[in-house]
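Asker:
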Amino acid sequence: MEQETNERIDPAQRIRKAVTRKETAYFSLLLGVAILTVGGIIGLVFETGESGIYAMFALVILLLLLWLRQWRRVSRIRSEGVRLSAKQFPELFEQIGMHTEQLQLWRIPEIYFQNDVKRPYVIGLFQKYLIVLPTSYLELTEVRRFQLLLELARIKRNHQEKQVLLWIGSWVPFLRPAYTRACERTRYQMVLPLVSNQCARQAIFEDILSPILLATTDIVSYTAEKRQQRTFSVLLYEKLQTNLSMLERLRLTGEPLDQPRPFLRYSQGIVIGLSVLTVMFFVSAGAGVLLNEAGTRTVASNDTATAKTNDQDLNETELMAAIQKGKLEDIHRLIPESDMKAVDADGDTALHYLGYRKSSKGLESIFKELLEAGSDVNAVNDFGERPFITAVFSNNDELVDLYLKRGEKINQQDDDQFTPLHHAVEGEGKQTVKLLLERGADPSIKNADGFTPLMMAQEYELDEIIDLLKQHSAQTL
């Protein structure tokens, strides 16, 4: 009865209420520390000159090696694992699809089964997250369903990505463990309304003891023993851990748990506070001196580095740069002498760049000249986008209108079954969405993940676009 009542609550409201204040507070602290740390590192590099540059280069190499290690792990999973899909294990795919809707995920993440895995986990690369499951999860018991829901909640809250990004601010004692525990508490509070407390407790004990040991352990005696061992050293140890203790997790399921004696709590707080203040004092003092001395040189060097990046790393042609930022006369001068098939580092042609252009002055004449010079409207960049889709995603209404007048199909679909209307919603372009709807775009078409443009707008919380799509749907009924 409790579970049925919880499932009737609006999922979005339930998820918002599940987010703990501690998670938000610790995230803000970690982000602030990370920003200060990056500033300190930049100051140190400029202060130490050539040796600092070598140290930074070594750090980049280390990060690259870590990325390659992660890439190998992800590639191995994709190469050897069995991916869950509508064709592969369809019943399980349907069940997990229901759970993604319960947690307000806009699509099912990539899920793989591997025989050498003991427990589910999330692994990611460039914001592409995979869930890896043991083969035992082909039979989704209530306990396993609870563990799977926790991993889906991890993706929903971007906990994996945030922890990686905030790793640089983790040198402050106790801060990162406190944040990861707060994240785990949020995940539990998101998932517990969807399962019974009994199944959740069973999952907690299996996670700590393993199913084999759990079968022969007196749980009542084991739990009572852990309650009696909450000494100062145990409590301090728990503050250094990135996971909630067993007793804290059990308390979330409704199990009563006595708070530690006030003396222990105060002693613990004093130790943590002194540790943090001591480290912060020495680090901030050193970083402040270095940043004050190197501030002027940092600004100048950043300007130089930015200019070099724009000219070289992006592999832009003169025509591309002129289309994006230059004067109209420069564009007309460069078109006849430029290669229309040239691409930048992202595979964009000059016609793609026209979609990025902010100024509408002379847009129609540039578009006409590029086509006459041989620009390919079907050229695809590294992201799978044609120039028309680039204009749609960039909310370049005037150019989108020119493409449509030229004959672009309003309901065309790409490899992911996205229509131009899907891309306009993804680009958060209200005027582009309105233009496409007026020209006959069908808002009921679903992409490969089964999402209509309206469902995507609701996922992104784009209220004005949601109203537009709903009004159009009502008018066409």
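In my numbering, the protein residues as written are 12 to 488.
For every residue, glycine included, the Cβ atom is placed at its ideal position computed from N, Cα and C.
To the nearest angstrom, how far is it from the Cα of residue 90 to the Cα of residue 81?
Answerer: Going by the C-alpha atoms only, they are around 14 Å apart.
Asker: When you compare each of 171, 227, 211, 251 to residue 182 by their alpha carbons, which one comes out closest?
Answerer: Comparing Cα positions, the closest option is 251.
Asker: Could you check whether residue 339 and residue 366 sit closer than 9 Å to each other, using their CB atoms as the reference points?
Answerer: For residue 366 and residue 339, no; Cβs fall outside 9 Å.
Asker: For residue 68, count neighbouring Cβ atoms within 10 angstroms of its own Cβ and tell me buried if that reaches 16, exposed if not.
Answerer: Burial call: exposed.
Asker: For residue 195, count the other beta carbons within 10 Å of its own beta carbon; 16 or more makes it buried, fewer makes it exposed. Which is it?
Answerer: It is buried - the Cβ of residue 195 has at least 16 other Cβ atoms within 10 Å.
Asker: Excluding the five sequence neighbours on either side, which residues of its own chain have a C-beta within less than 6 Å of the C-beta of residue 257, listed in chain order?
Answerer: Same-chain partners within the cutoff: 219.
Asker: Report the residue ranges of all alpha helix (DSSP H) runs contained in full by the stretch 184-245; include only those spanning at least 4 residues, in chain order.
Answerer: For the stretch 184-245, whole alpha helix (DSSP H) runs of length 4 or above, ordered along the chain, are 186-202, 208-220, 222-226, 230-239.
Asker: Take residue 445 as the anchor and find which of 471, 382, 426, 481 has the nearest alpha-carbon.
Answerer: Nearest C-alpha to residue 445: 481.
Asker: Bridge partners of residue 121, per DSSP?
Answerer: BP columns for residue 121 point to 141.
Asker: Can you give the Cα-Cα distance for residue 227 and residue 66, rounded to whole angstroms?
Answerer: Rounded to whole angstroms, residue 227 to residue 66 spans 54 Å at the Cα level.
Asker: Would residue 231 be called buried (16 or more neighbouring beta carbons within 10 Å of its own) or exposed?
Answerer: By the neighbour-count rule (16 or more Cβ atoms within 10 Å), residue 231 is not buried but exposed.
Asker: Going by alpha carbons, who is nearest to residue 120 out of 473, 472, 459?
Answerer: For residue 120, the nearest C-alpha among the options comes from 459.
Asker: Please give me, in chain order, every unbroken run of the alpha helix (DSSP H) with length at least 4 that falls completely inside the stretch 398-435.
Answerer: Runs found: 398-404, 408-417.
Asker: Start and end of the beta strand (DSSP E) containing residue 135?
Answerer: Counting along the chain, the beta strand (DSSP E) containing residue 135 begins and ends at 132-136.
Asker: Nearest by alpha-carbon distance to residue 164: which of 129, 261, 435, 202 is it?
Answerer: Among 129, 261, 435, 202, the Cα nearest to that of residue 164 belongs to 202.
Asker: Is residue 180 near residue 264, with beta carbons less than 9 Å apart?
Answerer: No, these two residues do not count as a Cβ contact at 9 Å.
Asker: Around the C-beta of residue 479, are 16 or more other C-beta atoms found within 10 angstroms, so that it is buried, or is it exposed?
Answerer: Buried, since its Cβ has 16 or more Cβ neighbours within 10 Å.
Asker: Would you check if there are 3 or more beta carbon pairs closer than 8 Å linking the stretch 441-456 to the stretch 90-107?
Answerer: In short, these stretches do not touch, since the Cβ pair count stays below three.
Asker: Between residue 210 and residue 153, what straight-line distance do the alpha-carbon atoms span, to the nearest angstrom?
Answerer: In a straight line, the C-alpha of residue 210 is about 6 Å away from that of residue 153.
Asker: Can you tell me where the alpha helix (DSSP H) with residue 154 in it begins and where it stops?
Answerer: Residues 153-167.
Asker: Run through DSSP, which three-state label would residue 83 get?
Answerer: Residue 83: helix per DSSP, three-state reduction.
Asker: Looking at the unbroken alpha helix (DSSP H) that takes in residue 262, where does it start and where does it end?
Answerer: Residue 262 -> alpha helix (DSSP H) spans 257-263.
Asker: Starting from residue 378 and walking both ways along the alpha helix (DSSP H), at which residues does that stretch end?
Answerer: Here the alpha helix (DSSP H) through residue 378 covers 374-383.
Asker: Less than 9 Å between the beta carbons of residue 134 and residue 144, yes or no?
Answerer: No, the pair does not count as a contact, with Cβ atoms beyond the cut-off.
Asker: Starting from residue 336, follow the alpha helix (DSSP H) in both directions and report where the run begins and ends.
Answerer: First-last of the alpha helix (DSSP H) with residue 336: 329-336.
Asker: Using the rule of at least 16 other Cβ atoms within 10 Å of the residue's Cβ for burial, across every protein chain shown, is residue 74 buried or exposed?
Answerer: It counts as exposed.
Asker: Going by C-alpha distance, which of 39, 51, 130, 469 is nearest residue 193?
Answerer: Comparing Cα-Cα distances from residue 193 to each of 39, 51, 130, 469, the minimum goes to 39.
Asker: Only counting the same chain, and skipping five residues up and downstream in sequence, which positions put a Cβ closer than 6 Å to that of residue 400?
Answerer: Within the same chain, residue 400 has close Cβ partners 434.
Asker: Rounding to the nearest angstrom, what Cα-Cα distance links residue 99 and residue 71 in this structure?
Answerer: Their Cα atoms are separated by approximately 40 Å.
Asker: Quick test of your reading: residue 439 and residue 471, contact by CB under 8 Å. State the CB separation rounded to the nearest angstrom.
Answerer: Yes, they are in contact, since the Cβ atoms of residue 439 and residue 471 sit about 7 Å apart, within 8 Å.
Asker: According to DSSP, is residue 451 helix, strand or coil?
Answerer: Residue 451: coil per DSSP, three-state reduction.
Asker: What residues in its chain sit with their C-beta under 8 Å from that of residue 132, if we drop five residues either side in the sequence?
Answerer: Same-chain partners within the cutoff: 142, 143, 162.
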